[in-house]
Amino acid sequence: MTLSVTNTLTGAREEFESHGDEVLLYVCGLTVSDDAHLGHARLWMHADLMHRWLEYEGYDVRHVENFTDVNEKIAARIGEADLGDDEATVANHFVSDVIRDMRGLNLKRAEVYPRVSEHIPEIIDLIETLVDRGHAYESNGSVYFDVSTFDDYGKLSNQKLEELESHADDGERSEKRNPTDFALWKAGAVTPETAAEHRHADLDPLTDPCGQTWESPWGDGRPGWHIECSAMSMTHLGETIDIHVGGRDLVFPHHENEIAQSEAATGAQFARYWLHVGLLQTDGDKMSSSLGNFFYVADALDEFGVDVIRTFYLSTAYGSEQTYSEETISEAEERWNRLERAYEAAAEACDSPDARTKVESETLRTAVAETREDFRAAMNDDFNVREAMAELLGLASAVNRHVADVDEYDYRALREAIETFEDLGGDVFGLSFGASGDGGDVSVAEDLVQLVLDVREAEREAGNYERADDLRDELTALGVEVEDGEDGATFRFE
RNA sequence: GCCAAGGUGGCAGAGUCCGGCCGAACGCAGCGGCCUGCAGAGCCGCCCAUCGCCGGUUCAAAUCCGGCCCUUGGCUCCA
1474 MTLSVTNTLT GAREEFESHG DEVLLYVCGL TVSDDAHLGH ARLWMHADLM
1524 HRWLEYEGYD VRHVENFTDV NEKIAARIGE ADLGDDEATV ANHFVSDVIR
1574 DMRGLNLKRA EVYPRVSEHI PEIIDLIETL VDRGHAYESN GSVYFDVSTF
1624 DDYGKLSNQK LEELESHADD GERSEKRNPT DFALWKAGAV TPETAAEHRH
1674 ADLDPLTDPC GQTWESPWGD GRPGWHIECS AMSMTHLGET IDIHVGGRDL
1724 VFPHHENEIA QSEAATGAQF ARYWLHVGLL QTDGDKMSSS LGNFFYVADA
1774 LDEFGVDVIR TFYLSTAYGS EQTYSEETIS EAEERWNRLE RAYEAAAEAC
1824 DSPDARTKVE SETLRTAVAE TREDFRAAMN DDFNVREAMA ELLGLASAVN
1874 RHVADVDEYD YRALREAIET FEDLGGDVFG LSFGASGDGG DVSVAEDLVQ
1924 LVLDVREAER EAGNYERADD LRDELTALGV EVEDGEDGAT FRFE
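Numbering (my numbering), first residue to last: 1474 to 1967.
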């Protein structure tokens, strides 16, 4: 069974073939001009799921994910409270927040998180190569890529050069030869006028040029937006990578330009598979910083927890748009609860005296085997995580049925079900099965809850149901879910 | 205007590449029943789908072809 992926470059589903046993994966990362929101996290999450699945299938994944820490929007925030007085300090502030968020989301670490500010020499080298080869030219201290020298321009986004030119605004005199040329190097610092466009309205405008500049053969200046990804990708993964992942909103111009400048410089194919993640929608628009309709990752983690958030992202295939709303997130919450409860039910059944090694449930055994097989087929079908999740939920139903239907449990099958939850749900999906406790206080808390339940049980036996219900309601309000069963009450923390 | 991705039940969202197992998955919401002192969870069952519209191909179309309508994203580094 082989993996097939939808490649934006060809617009078709293709069988994935890595260049070898390892997979070179580049993720077009975040511009650190603010904290990350759930839209950014969706990209990271799907890159993470791809990473995990490729490893599960036996590949050695070399995952590189950049931070763009040189940008007008970052410079525009200089001087804001607690952010710092220079571009690097502002960027560092957000980088550390983002790393905190990534850890919170239980993302697998990338091999490298390269930053633009640390790759200026490589960027300058790459631009020089392009100038030497006649693909770029200097103009007033800036350097532009000459689109007319790259025949394949537009191959990713299917844009026609003539069409782009006719719609480009060329009313003013430009230092570019052609309206579709794009900047590789920009002379000077960020001007106050530029910064003002990204400055928060309630803050004083900056009066002096801001942001870092670096020396270059063309004078002091800053790198253009697109060149960084080419330089960092080549530095850490070589001329040709296997998979390039990014948001669908970046297909044009960003990724198109990456291809042009990279392939013009090396003559080699830049990325073999281009995978684009659909955008997160809220109220019919994409979630974005500029629209102000976003939800910070950190806040979402506080409110819902990592497993609910991961389950949320697991309910839509990466290539589709996904809708964020209170309803869709609470659906994810229910899905995750259902999975976790089934897992706990399996664990409890295993530990109970009714579990027998000599009992054989054909239906449960078949269900476990089919879950593993169908899960794998779904993931290999262009990383269809929702379908794969449906299989895991199917296993949850099978476990619940088994526990509900029979008096003696099939110990071995239950163990295999538990392992399946842990392998597929835990290792591949990054959900925390079996990791209930999250601190030393938990055991004390558990003892206290048990004490309350003992008191409540006494009230029930005495027929004082009102008192018993009050105790249960109060526990529920504290986030302790109580369930009465045949052998007394059990509980779990929300 | 151009490019791209979509339009599937109350919601959400698979399936569309490779037409038949789709009388449309998984789930959420809703409604019955079992269980329970009650509730929850779980189990069983039900409800809700002219698969955007029109036409075509085919024994057969959510799936292929053509046209149209609508939604989302992008159309560049600062004019």
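Each residue gets a CB set at the ideal place from its N, CA and C atoms; glycine is no exception.
- By the criterion of a C-beta distance shorter than 7 Å, A1704 is surrounded in its chain by H1592, E1595, I1596, L1599, once the five residues flanking it on both sides are discounted.
- Residue state for R1838 is assigned as helix, using DSSP reduced to three classes.
- In terms of Cβ geometry, A1941 and N1873 do not form a close pair [threshold 9 Å].
- Under the three-state reduction of DSSP, Y1529 is assigned to helix.
- The secondary-structure analysis by DSSP pairs V1955 across a beta bridge with F1964.
- Assignment of R1745 by DSSP, reduced to helix, strand and coil, places it in the strand class.
- By the C-beta density criterion, S1706 is buried, having at least 16 other C-beta atoms within 10 angstroms.
- D1880 and V1832 have their C-alpha atoms spaced approximately 10 Å apart.
- Within the DSSP secondary-structure output, H1727 pairs in no beta bridge.
- Within the DSSP bridge table, the entry for L1629 names no partner.
- Following the DSSP letters along the chain, one finds C1702 inside the alpha helix (DSSP H) bounded by residues 1700-1710.
- DSSP places C1501 in no alpha helix (DSSP H) but in the uninterrupted beta strand (DSSP E) bounded by 1495-1504.
- The beta-carbon distance between G1792 and T1479, rounded to whole angstroms, is 6 Å. This is short enough to meet the 8 Å contact definition.
- Counting only the Cα atoms, P1682 lies some 25 Å from C1702.
- Put simply, the segment 1746-1759 touches the segment 1718-1730. At least three CB pairs are less than 8 Å apart.
- With a cutoff of 9 Å on beta-carbon distance, V1928 and L1948 are scored as not near each other.
- Per DSSP, reduced to three states, the secondary structure at F1902 is coil, with no helix or strand assignment.
- Going by C-alpha positions, V1543 is about 35 Å away from E1799.
- N1873 sits in a helix when the DSSP states are folded into three classes.
- By the criterion of a C-beta distance shorter than 7 Å, A1886 is surrounded in its chain by S1834, L1837, R1838, V1841, once the five residues flanking it on both sides are discounted.
- E1712 and V1876 have their C-alpha atoms roughly 55 Å apart.
- Runs of alpha helix (DSSP H) with 4 or more residues, each lying fully within the segment 1559-1595, are found at 1560-1577, listed in chain order.
- Under the three-state reduction of DSSP output, A1509 falls in the coil class, being neither helix nor strand.
- DSSP, reduced to helix, strand and coil, places N1810 within a helical segment of the structure shown.
- In the three-state scheme derived from DSSP, where H, G and I count as helix and E and B as strand, V1478 is classed as strand.
- Cβ-Cβ distances below 8 Å link I1714 to L1497, L1498, Y1499, S1706, F1743, A1744, R1745 in the same chain, with the five nearest sequence neighbours on each side left out; the list follows chain order.
- Assignment of I1716 by DSSP, reduced to helix, strand and coil, places it in the strand class.
- Just measuring C-alpha positions, the residue of I1700, K1759, A1564 sitting nearest V1616 is I1700.
- Look at A1485 here: in three-state DSSP terms it is strand.
- In the three-state reduction of the DSSP assignment, Y1617 falls in the strand class, which pools E and B.
- Around the beta carbon of L1676, fewer than 16 other beta carbons lie within 10 angstroms, which makes this residue exposed.
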